[in-house]
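Beneath this line is the structure, given in structure tokens, with notes to follow.
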Amino acid sequence: QQVKLVHYGKSWQGRPLFYAVIGSSSNISQLAEIEAGMRKLAEPSSLSEPEAKQLIASLPASVWIAGSLHGNEISPADAAMALAYHLLADQSALTQQILSNTLVYIDPLQNPDGHHRFVSRYYATVGLEHSPDRLSAEQNEPWPNGRTNHYLFDMNRDWISLTQPETASRVKALQQMYPLLFVDSHEMGGDMGYYFSPEAEPYNPHIQASQRQVLNKVGQNNAKWFDELGYHYFTREIFDAFYPGYGASWPLYYGSVSMTYEMASARGHHYRMQDGQILTFADGIQRNFVAFKATLETASQQASTLLQNFYQYRKTAAAQGEKEGLRSFIFAAERDLAGHQKLMGVLTQHGIKVEQAQQAFRACGKDYQAGSYLIRTNQPSYHLMRTLLDDTVPMDKAFLEKQEQRRANNLPDQIYDVTAWSLPLMYNLEMQRCNQAPRVNTTVVGPDTLIAGSVSNPDARYGFVVPWGDMAAARFLSAALQQGLTLRSSDLPFTHQNGQRYPAGTLVLSRADNPADLTTKVQQLAQQSGARVQGLDNSWVTEGPNFGSFNVPAVPKINVAMLWDEPTNPLSAGSARFVLERGVGYPVTAIRPAQLRSADLSRYQVLILPATGGGSYQQALGSVGSENLRQFVQRGGVLITLGNATSYLLEGDKPLLSSKREYQVSEQEKPASEARVPGRVLAEYREFEQMLKPYQADPDWVPGFIANAVVDQNHWLTAGIAEQVRSLYVGNHIYQPLRINDGRNVVNFAAPKNLLAGGFVWEENRQQIAHKPLVMVQSHGRGQVIAFTQEPNFRAYVDGMHLLYINAVFRGAAHAGALR
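If you want it as structure tokens, here you go:
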């Protein structure tokens, strides 16, 4: 009578995701009505003020307790279960007050796959007794650790892109009730105590003052409970509220108040801290339980305030755009239809209303065709909309000035995550901001992310073409190869006799090269992939290469391998594999470095080296493994490096890439070898600061910004790619361009004044990164290396880079000379 169990999704490995709703018998019996009431309150335009007041007076508060999003952070899950038992068993006045005033949603285990990985490996290492030793196998997980889900994603960064089923299911569940408080419970280093709200600076400017006030109230009440029990804690020092993709951030933008709790982790049964004390798993459960109960008390006492704040947040948000002179976002959708459909589906999943024009219209001085997308700003989700769509969400100036001061003193900056995440920029789609709300007939877009495919002229005599340029065409290619169809892909654009011009990369399937049931197969593939397929009655081309030209090479069915295990960065390996397997449906063979040293690689045509997370490929593979890779390329293989893995290609006596990593630009002179040096007058303080800098230092670390990059349209690797792409730039690796006799710099970062598309970057880095290569290609023997200096698959949410990665895999193999 006081609890309801809800199955709201499942993990990649099929494990169920559950939450329990706990409240008074009266509230649970009316749960459907209460949740419907919250959904009404979430749409202020549909309510009169008396109706809103009645709902606020009658609805209970609601709190969502979310545990163990990182699977190896184990105490939150068990503390959540202890809380569930306590709420149902305890008869104290406080607990009964909480149950009467509050609905408690308990989502104990957000990442069951990662948790299972951690627990099974932990118990596999336990000996006669559990060891607290920091060096013990129990305390040091093997690769990949339990933090991530099946595809090795950090799901505490996935809340804006919704790439993982666990995240998407949770976001959908939250919009059934819009809980007013959201606690995302984590663990941190074993020596760090306990952390709760308020969060550290900087705050996202779309977080309202009323929300920050509640964060302080929650923190103060938690502190009171911790003081009574003698527990140590800290606030405001580490975990910020700027990036919207955390579990503790996303609910803020529908009007909730969400927060991170972090408990020092025993990472097992018990752990010896630096001061010699023993931290136990039970300690974590107990402290989390206390923080949860204190938070529920705050919610119970502040129910009316929380409901009123939620209503006002969404009501004022709907009018904010008009006040700021922004009434709509418009996407012309003139290219990359699949990318537009995916983005609009994701925005819809976020609760943002997206419309598609059913007729041509004009707005803000520009003509738009039917099929364009329109997002009006007079929505309760205005703050989320702006957070996801704006090029840049500004950081607090005082905070940035402080970071510059820290940098000048050789201290690490306090920027916790990336500074840019604009979805239109990362999808490489053009969006216009408009101060008008266009009058045009529209339909509301649903949550589907796959575009509908089509086949025109299905009975065409010659065969079919698939225009290249989006991931729908890539999905078609992947599935067609796996079904044994024969395809070619044009390196150059061409114009057919039918008068239509087709882009470089366009796929060609002739009836002569394929089975008799080609039409049926093509129709099925178009439906599954979303590709727009066109039938041709003949092969005559009036401009560009004919289909039998060497400029229209066959695309072979390939075997793709990827390094898996240390020293690869699990996040890089997981996202690179995910984009191939789940983005276009092509299987990948994961190979451990120990096997790669002497393995016969002749069965593979493409080998991918993800970024490293510690150690190096040179150490892991040794000279034997490195020579094996060299021979793989010489025989016609394609070696693709991602992010910092590119530096491996520069090592050894015979580097596979004729580039070099750059030091930081510096005026510092080479240190003298003598004990004494000539005297020097420092006329300005700047000269003194310059002398403090090391002679050969790495460029400063860049937390993450979106960079513009210019594409060489004359190279086969860039077929179907726009003239400009946007890449997320993270880290401090800057590479010299290849000399023209060594290879090609296929994509280069833009000029200094055009480099920054979104976010923040240190000025010195902006100047040095400009014009440097993002993608390089160099041939060796019959094969080639393709080097991405930044991650094209970062968190799998830089969608505008994915087709370039797909080109490297499939078109790279088509342009290699491996004998088949």
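This note's numbering puts the sequence shown at residues 937 to 1756.
Virtual Cβ for every residue (Gly too), placed ideally from N, Cα, C.
- Annotated as proximal: Leu-1445 and Gly-1399, with beta-carbon spacing under 7 Å.
- Excluding sequence positions up to five before and after Pro-1429, its CB lies within less than 7 Å of the CB of Arg-1437, Tyr-1438, Pro-1439, Ala-1440 and Gly-1480, all in the same chain and listed in chain order.
- Residue environment: Lys-1278 is assigned as buried (16 or more neighbouring CB atoms within 10 Å of its CB, all protein chains considered).
- As the crow flies, the alpha-carbon of His-1651 is around 7 Å from that of Val-1682.
- Bridge partners of Gly-1399 according to DSSP: Ser-1446 and Leu-1472.
- DSSP places Glu-1198 inside the beta strand (DSSP E), whose first and last residues are 1193–1200.
- Counting the other Cβ atoms within 10 Å of the Cβ of Lys-1596 gives fewer than 16, which makes it exposed.
- By the Cβ test, the stretch 1645–1660 is not in contact with the stretch 1568–1582, since fewer than three Cβ pairs between them sit closer than 8 Å.
- Boundaries of the alpha helix (DSSP H) harbouring Tyr-1021: 1011–1025, taken from the DSSP string.
- Between Pro-1080 and Pro-1506 a beta carbon distance of about 4 Å is seen, short of the 8 Å cut, so the two are scored as contacting.
- Tyr-944 is not a Cβ neighbour of Trp-1000, given a cutoff of 7 Å.
- Nearest to Ile-1174 by C-alpha distance, out of Glu-1074, Met-1124, Met-1209 and Lys-1160, is Met-1124.
- Burial is judged here by how many other beta carbons sit within 10 angstroms of a residue's own beta carbon; Pro-1546 has at least 16 and is buried.
- DSSP, reduced to helix, strand and coil, places Phe-1641 within a strand of the structure shown.
- Shortest Cα-Cα distance from Glu-1077 to any of Gly-1550, Val-1376, Phe-1054 and Gln-1111 involves Phe-1054.
- Rounded to whole angstroms, the gap between the alpha carbons of Asn-1701 and Lys-1689 is 12 Å.
- For Trp-1095, the three-state secondary structure derived from DSSP is coil.
- Residue range 939–946 is occupied by the beta strand (DSSP E) that includes Lys-946.
- If you draw a straight line from the Cα of Ala-1227 to the Cα of Phe-1162, it comes to about 8 Å.
- With fewer than 16 other Cβ atoms from the protein chains shown falling within 10 Å of its own Cβ, Asp-1303 counts as exposed.
- Considering only Leu-1019, Gly-1656, Ala-1016 and Gly-1166, the residue with the shortest C-alpha distance to Ala-1409 is Gly-1656.
- Taking 7 Å as the cut-off, the Cβ atoms of Thr-1234 and Val-1119 do not count as close.
- In the structure shown, Arg-1053 adopts helical secondary structure according to DSSP, grouped into three states.
- In the three-state DSSP reduction, His-1086 falls in the coil class, being neither helix nor strand.
- Ala-1013 sits buried, since 16 or more C-beta atoms from the chains shown fall within 10 Å of its C-beta.
- When C-beta atoms of the stretch 1417–1428 are compared with those of the stretch 1483–1496, three or more pairs fall below 8 Å, so the two segments count as touching.
- Out of Ile-1311, Ser-1538 and Gln-1714, the CA that lies nearest to the CA of Leu-1592 is found in Gln-1714.
- Contact between Gln-1459 and Val-1391 is confirmed by a C-beta separation of about 5 Å, below the 8 Å threshold.
- DSSP, reduced to helix, strand and coil, places Gln-1463 within a helical segment of the structure shown.
- Residue environment analysis places Ile-1676 among the exposed positions, since fewer than 16 neighbouring C-beta atoms fall within 10 angstroms of its C-beta.
- For His-1086 and Phe-1641, the gap between their C-alpha atoms comes out near 27 Å.
- According to the DSSP assignment, Phe-1430 belongs to no alpha helix (DSSP H) but to the beta strand (DSSP E) extending over 1430–1432.
- About 6 Å separates the CB atoms of Met-1195 and Leu-1151; that is less than 8 Å, so the two are in contact.
- Excluding five sequence positions before and after Ala-1556, the CB atoms of its chain that fall closer than 6 Å to its own CB belong to Pro-1503 and Pro-1529, given in chain order.
- In terms of Cβ geometry, Gly-1007 and Trp-1095 do not form a close pair [threshold 7 Å].
- Taking the C-beta atoms as reference points, Asn-1377 is found nearer than 7 Å to Gln-1295.
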